[in-house]
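Asker: Here you go, one structure.
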Amino acid sequence: MRKYLSLLKYEMKTIVKDPMNLFVLVFPFFILFITGYLLPVILERTTTPDSNAAMITLLIAFVIALALGGYMGGVLLGFSLLENRDEKTLLNIAVSPVTVSGYAIFKIIYSYIIGVLGNLIMFGGLILFAKDHYVVTIYGVEIGLLDGFEFWHVIVFSLVSALFVPTVALILPLIAKNKIEGFATMKLGGFIVMLPTLALLDAFVDWKQYFLGIIPMFWPLKAILNIALSSTNTANLSFWGYMLIGAGFQVALSILCFRVFIKKIDLK
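Okay, here's the thing in structure tokens:
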């Protein structure tokens with residue numbers, strides 16, 4: 678246990694020294710400011726609550742904000758693993774009491790926690806500070822997008838959504854050869870964050886929504902969207918159904934990426 682506590686102190690010192698890592702840590706507050714204050718203010722001045730533009734913009738912002746927590750936590754860990762590889766840290770760890778597998782799992786755990794906290798800040802913050810701004814009118818009916826949520830919804834979503842952290846983190850060093858390529862990969866990977874917004878299209882409201890099931894973040898986000906939009910479509914699963922499938926899918930994907938990562942670096 679002491680060796681991991683020492684590693685944690687070292688990791689925290691490394692994180693605060695890197696501007697990129699610091700940006701990732703403050704990113705949830707930045708997104709909360711944009712989606713919870715700046716965007717609603719702009720929409721209030723340029724549109725009306727019953728306009729399609731206001732509704733679509735708020736929904737897209739809501740989905741993307743919720744999808745970003747796990748992704749940015751994964752980016753933080755991914756860049757850390759890239760740095761470890763570039764500086765040959767993994768070779769030193771391989772001959773130390775802490776195995777590479779143990780070290781990778783240790784980093785995944787604390788990055789997962791950072792991802793959970795990021796989700797809590799963005800999702801919980803929207804409910805606490807911006808609930809009155811996230812009200813739209815659909816077919817003449819006024820809907821508060823954040824009115825149907827309780828705090829336990831936020832916790833469950835944050836825990837499941839952050840399971841995307843290991844997948845993002847482990848794929849980044851598998852694809853990128855250095856930090857420059859890692860940064861390019863990160864920007865390209867941001868496209869994945871946009872894909873769950875397809876669930877907002879009428880084409881994916883019924884059973885065809887499950888075509889989006891190959892997107893890891895679809896499952897927890899769909900559960901949240903059903904509550905936000907008060908969806909009663911018979912093709913929908915329960916909240917727990919989406920969350921359990923999402924958790925299982927992301928854990929399986931993380932295990933697969935972890936095994937490929939360990940095999941590729943050819944260390945134990």
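At position 197 of the sequence shown (counting the first as 1) the number is 874 in my numbering, and the numbers step up by one without a gap.
From the three backbone atoms N, C-alpha and C, an ideal C-beta is built for every residue, glycine too.
Whose CA, out of G779, Y748, Y811 and G747, lies closest to the CA of I719?
Answerer: The sequence position of residue 719 within the sequence shown is 42, counting from 1. Selected option, being the one with the closest Cα: Y811.
Asker: Is the beta carbon of G750 sitting closer than 7 Å to the one on V870?
Answerer: In the sequence shown, the residue the question calls residue 750 occupies position 73. In the sequence shown, the residue the question calls residue 870 occupies position 193. Not in contact: G750 and V870 (Cβ atoms no closer than 7 Å).
Asker: Between the alpha carbons of D824 and Y887, how many angstroms are there, rounded?
Answerer: For the purposes of this step, residue 824 is identified with residue 147 of the sequence shown, where counting begins at 1. For the purposes of this step, residue 887 is identified with residue 210 of the sequence shown, where counting begins at 1. Computed Cα separation, rounded: 26 Å.
Asker: Identify, in the order they occur along the chain, each residue of the same chain with its Cβ nearer than 6 Å to the Cβ of T712, setting aside the five sequence neighbours on each side.
Answerer: Walking along the sequence shown from the start, residue 712 turns up at place 35. These residues qualify, in order along the chain: A738 and A742.
Asker: Enumerate in chain order the residues of its own chain whose CB-to-CB distance from L797 is below 8 Å, with the five nearest sequence positions on each side excluded.
Answerer: Locating residue 797 in the sequence shown gives position 120, counting from the first residue. So the qualifying residues of the chain are V831, I832 and S835.
Asker: Express the C-alpha separation of P705 and S788 in angstroms, rounding to a whole number.
Answerer: By 1-based counting over the sequence shown, the position of residue 788 is 111. By 1-based counting over the sequence shown, the position of residue 705 is 28. Rounded to whole angstroms, S788 to P705 spans 14 Å at the Cα level.
Asker: May I ask you to verify whether the region 920-940 touches the region 866-884, counting CB pairs closer than 8 Å and requiring at least 3?
Answerer: With the cut-off at 8 Å, the region 920-940 and the region 866-884 do not touch.
Asker: Flag this pair as yes or no: are the beta carbons of S838 and G746 separated by less than 7 Å?
Answerer: Along the sequence shown, read from residue 1 onward, the residue named residue 838 stands at position 161. Along the sequence shown, read from residue 1 onward, the residue named residue 746 stands at position 69. Their beta carbons are under 7 Å apart, which means S838 touches G746 by this criterion.
Asker: Is K945 helix, strand or coil by DSSP?
Answerer: Position 268 of the sequence shown, counting from 1, holds the residue named residue 945. Residue placement at K945 is flagged as unreliable, the pLDDT there being 46, under the threshold of 50; the coordinate-derived value follows with that caveat. If DSSP states are grouped into helix, strand and coil, K945 belongs with coil.
Asker: Classify K945 as buried or exposed, calling it buried when 16 or more other Cβ atoms lie within 10 Å of its own Cβ.
Answerer: Position 268 of the sequence shown, counted from the first residue, corresponds to residue 945. Caution applies to K945, whose pLDDT of 46 falls short of 50 and renders its modelled position unreliable; the value that the coordinates give is listed next. Exposed.
Asker: Around the C-beta of N855, are 16 or more other C-beta atoms found within 10 angstroms, so that it is buried, or is it exposed?
Answerer: For the purposes of this step, residue 855 is taken as residue 178 along the sequence shown, with counting starting at 1. N855 should be labelled exposed.
Asker: What whole-angstrom Cβ distance do P696 and L759 have, given they're in contact under 8 Å?
Answerer: Indexing the sequence shown from 1 puts residue 696 at position 19. Indexing the sequence shown from 1 puts residue 759 at position 82. Contact flag wrong, Cβ pair sits at about 15 Å.
Asker: With H, G and I counted as helix, E and B as strand and the rest as coil, what does DSSP make of A912?
Answerer: Stepping through the sequence shown from its first residue, residue 912 is reached at position 235. Coil.
Asker: What's the gap between the Cα of K808 and the Cα of I785?
Answerer: Sequence index remark: in the sequence shown, residue 808 carries index 131 (1-based). Sequence index remark: in the sequence shown, residue 785 carries index 108 (1-based). Each residue's alpha carbon lies about 33 Å from the other.
Asker: Ignoring anything shorter than 4 residues or poking outside the region 691-717, list the alpha helix (DSSP H) runs there in chain order.
Answerer: Correct list: 696-710.
Asker: Compute the distance between the beta-carbons of L803 and A905, then report whether it is under 7 Å.
Answerer: Translated into positions along the sequence shown, residue 803 becomes position 126. Translated into positions along the sequence shown, residue 905 becomes position 228. No, the pair does not count as a contact, with Cβ atoms beyond the cut-off.
Asker: Just mark F938 as buried or exposed, buried being the case when its beta carbon has 16 or more other beta carbons within 10 Å.
Answerer: Reading the sequence shown from its first residue, position 261 is the one you call residue 938. Flag for F938 reads buried.
Asker: Checking 7 Å against the spacing of the C-beta atoms, do Y919 and W884 come in under that value?
Answerer: What you label residue 919 is simply residue 242 of the sequence shown in a count that begins at 1. What you label residue 884 is simply residue 207 of the sequence shown in a count that begins at 1. Taking 7 Å as the Cβ cut-off, Y919 and W884 do not qualify as a contacting pair.
Asker: Just confirm the distance between the C-beta atoms of T844 and A853, as a whole number of angstroms; I'd bet it's less than 8 Å.
Answerer: The residue labelled residue 844 in the question sits at position 167 within the sequence shown. The residue labelled residue 853 in the question sits at position 176 within the sequence shown. At roughly 15 Å, the Cβ-Cβ gap does not stay under 8 Å, so T844 and A853 are not in contact.
Asker: Using the Cα positions of S915 and V740, report the straight-line distance between them to the nearest angstrom.
Answerer: Reading the sequence shown from its first residue, position 238 is the one you call residue 915. Reading the sequence shown from its first residue, position 63 is the one you call residue 740. Taking the straight line joining both Cα atoms gives about 19 Å.
Asker: Sort T911, I901, L715 and L716 by Cα distance to F826 and report the nearest one.
Answerer: Position 149 of the sequence shown holds residue 826. The residue with the shortest Cα to Cα distance from F826 is I901.
Asker: From the DSSP output, in three-state form, read off A853 for me.
Answerer: As a first step, residue 853 must be located in the sequence shown, where it is residue number 176. A853: coil per DSSP, three-state reduction.
Asker: Might you give, ordered along the chain, the residues of its own chain that have their beta carbon closer than 6 Å to the beta carbon of A912, omitting 5 neighbours on each side?
Answerer: Numbered from its first residue, the sequence shown carries residue 912 at position 235. Closer than 6 Å at the Cβ level, and outside the excluded window around A912, lie D883 and W884.
Asker: Provide the residue span of the alpha helix (DSSP H) that contains G802, from first to last.
Answerer: Locating residue 802 in the sequence shown gives position 125, counting from the first residue. G802 to F806 is the extent of the alpha helix (DSSP H) around G802.
Asker: Apart from the five residues just before and just after G801, which ones in its own chain have a Cβ nearer than 7 Å to its Cβ?
Answerer: Position 124 of the sequence shown, counted from the first residue, corresponds to residue 801. Taken in chain order, the residues that qualify are V831.
Asker: Tell me which residue opens and which closes the alpha helix (DSSP H) that F895 is part of.
Answerer: Within the sequence shown, the letter at position 218 stands for residue 895. From DSSP, the alpha helix (DSSP H) with F895 extends over F895 to A905.
Asker: Taking the alpha helix (DSSP H) that W829 falls in, what are its first and last residues?
Answerer: As a position in the sequence shown, residue 829 is number 152, starting the count at 1. It spans F828 to S838 - the alpha helix (DSSP H) in which W829 sits, taken as one unbroken run.
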